[in-house]
Amino acid sequence: MFEFLYLEVLYLLIIPFIFIFLVRKSRSLKAIFSKEVMKEIYIKKSGFSKRLRAYILIFSLIFGIISLARPVITNGEIKIKQSYINAVIALDISNSMRVDDLFPSRFEFAKNKIYSFLDNAMDKRLGVVGFSNEAFMISPLTSDFSSLKYLISNLNFSNLNLQGTDIYSLLRSVDTLFKDEKNKILVLFSDGGDNEEFSKEIKFAKENKISVFVYLTATNKGGLFKAPNNDVVLLKANQNIKDLALKTGGAYMQSSLNNDDMKALNSLISSKFSNNETKDEMIKDQKELFYYPLCLAIVLFFMANFSLPFRRKA
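Just so we're aligned, residue 62 is where the sequence shown starts under our numbering, counting upward by one.
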């Protein structure tokens, strides 16, 4: 079956037909210029006339528009099996993420790392959760990473006013989100909070089969933070969160300026949890035809512009 993928583009065909109408209604050069002037500007018969070149350009535009509309021949649908690994990205939005020991801040650094993670997560469906002293859903599981990037980019502290880092609350939310999943994967971007130990969180994660992959978005040197009571404190990376990752079957990574770490993290998750979910998808078997009108448009364009006549010498 013949069809256009972008049928709405064909509305642009109104433009060349307007041009055709104008060309047909336009006055000839002889009606505009005197005979003396015509002798100076007259074009020899060895090339196309001005009106003919105008028509050729118009038809070049018509075929170009048809090409943009993506004509195809559809031969039905094909069933394919698509494998996905389902995982949740958790972004720490507590006040400590304002600290600027990572440029421009821990929070913005973490967002940029998530963008890089998404760029390398083609075999995954991802949900996004924000958390501090409580967790909230930003996006359910999806493979539409452009939408995820848009949602994450619009997160900022001007519309967030949350304190503390409650990872136990986060784990409970992830368990609820993944209640029907055999393997529950959490990719955590956080500075680790201020917990001295994570035994409670580790126990819950093990009982509910949650594997935690921690990306620590803070430095050992730390940075200054102004507390709500106006005290200035030095906040460093909480290395204790490493136990949560290693004891739940996940992995631990320290912040790095190299974006290859997100590629490595994706590969690690894929190797551990391959074929987490497989589903059938129907795709159309289509033969592209756009290059035929495109080639014709290019040929007509060059005919109109490079088969130019010569001016008569004075």
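Positions of the beta carbon are idealized from the N, C-alpha and C atoms, including for glycine.
By the neighbour-count criterion, in which a residue is buried when 16 or more other Cβ atoms sit within 10 angstroms of its Cβ, Leu295 is exposed. Residue pairing by DSSP places Met314 opposite Tyr276 in a beta bridge. Taking the C-beta atoms as reference points, Leu66 is found nearer than 8 Å to Arg131. Within the region 131 to 215, complete beta strand (DSSP E) segments of at least 3 residues are found at 132 to 153, 185 to 192 and 196 to 203, given in chain order.
For Phe250, the pairing in a beta bridge is given by DSSP as Leu152 and Tyr276. DSSP places Phe239 outside both helix and strand once states are collapsed to three, so it counts as coil. DSSP, read as helix, strand or coil, puts Gln300 in helix. Contact annotation: Ile246 and Ser272 have beta-carbon atoms nearer than 8 Å.
Each of Asn147, Asn181, Phe170 and Thr203 was checked against the Cα of Asn217, and the nearest Cα belongs to Phe170. Beyond the five residues adjoining it in sequence on each side, Met198 comes within less than 7 Å, by CB distance, of Val190 in the same chain, given in chain order. DSSP places Leu285 within a strand segment (E or B) once states are collapsed to three. The C-alpha of Leu179 is placed about 6 Å away from the C-alpha of Phe206. With a cutoff of 8 Å on beta-carbon distance, Ile330 and Ile213 are scored as not near each other. Glu64 carries a strand assignment under DSSP once its states are collapsed to helix, strand and coil. DSSP, reduced to helix, strand and coil, places Asp321 within a helical segment of the structure shown.
DSSP places Val360 inside the alpha helix (DSSP H), whose first and last residues are Tyr352 to Phe367.
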